[in-house]
Amino acid sequence: MYDFLCESKFRANITAQRQCFLGVAADVSVRQCYVNKTNQLRDEQVIHSRDLSRNIVGAVFSPDMNTTSHECTVMQSYVDCLVENDYHVNCPVATELEIRLLSHMAGKSCTLRAGLMKTERSKPTCDKAGVCTCAEGYSYDRDLRTCQDVDECAQTNECSQKCVNLPGKYECRCDSRYYDLNTDNRTCARKDKSPLWIFFAHGQSIWNISEDGKNFQLQRAGLQKTAMLDIDVKERRLYYADIGANVLERINIEGAFPQPIQQYEVESLEGIAVDWIARNLYTLRKTDIFVQQMDGRYRKTLYKGVMKLPRALAVHPTIGRLFATDWSADAFIASAAMDGTSFQKIVTEGVVWPNALTVDYYADKIYWADAFLDTIESADLNGLNRRTVVSESGSVPHVFGLTVADDYLYWTDWTYRGILRANKLDGSNVTVLAQTALLPYGIRIFHPSMQPEADNPCLTANIGCSQLCLLGPGNNGTEAVGTCGCSDGFHLEKDGRTCTSNCTESEILCGGSDP
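Those letters in the sequence shown? Residues 376 to 890, per our numbering, in order.
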């Protein structure tokens, strides 16, 4: 079995067809079809479809299966379910691999039908003039003369969170830890009904307001000029930069006294982003992107000289990526690894003043507002599948800050001097929640669902970094991995964990309160 599975050609095909295999594993229709068939056989000792799909992508097989005729019928039922759900049409190579693997497992005593017939859903209907049509969820391919599955997820904007493309259809899904799927099968309802609190910078102060905009609370007064802020839900803290006083501070959201964590190079700071998983703080200033621990220690220049006129910063720590905007003459939106290993411009056209930026962690999208074009747009995490959400200048005349929660976008606007919100999918129901006396700046929302929990690779992998542990994209692109990093003035030793000073014996100062 293992020799068969690890054949280079077979293994390469499995890797290439990974998305199809994952589609089978996620398809409720295939699973239910298989359960129904096996229940009819009244055999509790069956191989469940989800187990088969998991085996295909790399789990351990039983190398010596003694297949009975009844078990052979069960295996054939699984193949039949793939056919009934058109996987043999939309994922022909993956289906063939499944059959080959099952046949090899079953041995000579079991012959699975490989000659698959097209189902009615995938057959085109052609008139006498040769005009062919397909069932809903399929489109006619003139070259192949067959019906091909339509990827509705690449075309539709109806799912509040995840959209999963399936043969001839699609499904909207919600993160079950925090949300339930509504009866419309599109939107998601938050389980934790505790209220959202909106925090925004107001120049000389920071305020928080209720979700409906009716209740105001002063969070921090006596500031010189504060524009950027972010929230750490876990420790219930607010991080903000007073660029007038040249200080980066944090404060409990319940109040109490602020704690300075950086008192140099804060002027011209344009972005703050909390990595709530690895417990790091990212900042954007002038041409550089920095990272440091939450208490300000071990500040490291992560990317140097990559920006010209930076404006906004956001992180997606569950996948180890950060995003930044630049509104120079060649404006762009960039995606970069949070460990400093890669930087790429993902949006370079159709942007002028990308003033605000936020990440939808549940839908894996970025949203940004352009203060020159008077638009709010969205794209996937690679800058593709771009859509305009709000485009009427009367709704977004001059956006400064932007965030997303549940089904809504929230933003600050200088023309309105207020806090507004709209539906994140289509921009409908634009509402002014509150108006402010002065210009409003950065905006964030406090609620446990705003920062979804995930394992910290720095802890689970027992990396043991002496200074920084930084997240970066894993090989599969969906989970972050941790690596060690050192603050400016230090270098990483060969053990990949220990940081050693670059100072020589002739240098007098090597450290201080602001490393």
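In this text, a Cβ means the ideal position worked out from N, Cα and C, and glycines have one as well.
What does the Cβ neighbour count give for residue i, buried or exposed, with the cut at 16 atoms within 10 Å?
i	result
CYS874	buried
SER703	exposed
THR693	buried
THR558	exposed
ARG654	buried
GLU629	exposed
GLN407	exposed
ASN730	buried
GLN530	exposed
ALA689	buried
ALA577	Sequence inspection shows His at residue 577; the Ala mentioned does not correspond to that position. That one is buried.
ASN590	exposed
ASN941	It is not possible to answer for residue 941, since the shown part of the chain is limited to 376 through 890.
CYS449	Looking at the sequence itself, residue 449 is Val, so the reference to Cys does not match. Flag for VAL449 reads buried.
SER862	buried
LEU777	buried
GLU724	exposed
LEU759	exposed
LYS869	exposed
ARG548	buried
SER753	buried
ASN430	Confidence is the limiting factor: at ASN430 the pLDDT is only 40, short of 50, which leaves the residue's position unreliable and the question unanswerable from this model.
LEU644	buried
ASP749	buried
ARG761	exposed
ASN851	exposed
SER766	exposed
ASP782	buried
THR562	buried
Might you give, ordered along the chain, the residues of its own chain that have their beta carbon closer than 8 Å to the beta carbon of residue i, omitting 5 neighbours on each side?
i	result
GLY793	THR787, VAL807, LEU808, ALA809, GLN810, THR811 and PRO815
SER569	HIS822 and PRO823
PHE632	ILE626
THR853	ILE694
Who are the Cβ neighbours of residue i in its own chain at under 6 Å, not counting the five residues just before and after it?
i	result
GLU610	none
ILE664	LEU677 and TYR678
CYS833	ALA653, CYS844 and GLY857
PRO635	VAL622 and GLU624
GLN826	VAL608 and TRP651
ASN805	The displayed chain sequence assigns Val, not Asn, to residue 805. SER770 and ALA797.
GLU546	VAL539
ARG475	none
MET682	THR662 and ASP701
THR500	THR508
Bridge partners for residue i per DSSP, in chain order?
i	result
TRP572	SER585 and PHE821
GLN668	ASN655
THR500	THR508
GLY860	LEU843
THR855	Here residue 855 is Ala; the residue named in the question, Thr, does not match the sequence. Its beta-bridge partners are PRO848.
THR521	ASP516
ASP617	THR601 and VAL622
VAL634	With the sequence shown as reference, residue 634 is identified as Gln, and Val is not the correct amino acid for it. DSSP, once it has assigned bridges, lists ARG625 as partnering GLN634.
GLU828	GLU828 pairs with nothing; no bridge assigned.
LEU867	CYS874
GLU546	VAL539
LYS675	VAL666
ASP650	ASN655
HIS577	According to DSSP, which records beta bridges pairwise, HIS577 is partnered with nothing at all.
HIS691	ARG696
GLN594	Answer by DSSP bridge pairing: none, since GLN594 is not bridged.
Can you give me the Cβ contacts of residue i inside the same chain, cut-off strictly under 7 Å, excluding the 5 residues immediately before and after it?
i	result
LEU604	PHE574, ALA576, ILE581, LEU613, TYR614, TYR615, ILE647, GLY817 and ARG819
VAL649	ASP605, ILE606, ASP607, TYR614 and LEU656
ASN583	TRP572, ILE573, PHE574, GLN592 and GLN594
ALA746	TRP728, ASN730, HIS773 and VAL774
VAL525	GLY512, TYR513 and SER514
ALA829	ILE652 and THR693
THR716	GLY847
SER803	ALA797
(message) Using 8 Å as the cut-off, can you tell me whether the segment 840 to 850 makes contact with the segment 794 to 805, which would need three or more C-beta pairs spanning the two stretches below that distance?
(response) In short, these stretches do not touch, since the Cβ pair count stays below three.
(request) Tell me the start and end of each unbroken beta strand (DSSP E) in the segment 720 to 797 that is at least 3 residues and wholly inside, in chain order. (result) For the segment 720 to 797, whole beta strand (DSSP E) runs of length 3 or above, ordered along the chain, are 729 to 735, 740 to 745, 750 to 755, 762 to 765, 774 to 780 and 783 to 788.
(request) Examine the Cβ distances between the segment 568 to 588 and the segment 533 to 545 and report whether three or more of them are shorter than 8 Å. (result) The segment 568 to 588 vs the segment 533 to 545: no contact.
(message) Under 8 Å: do the segment 733 to 742 and the segment 537 to 557 share three or more Cβ pairs, one atom per stretch?
(response) Two segments are said to touch when three or more pairs of C-beta atoms, one from each, lie closer than 8 Å; by this definition the segment 733 to 742 touches the segment 537 to 557.
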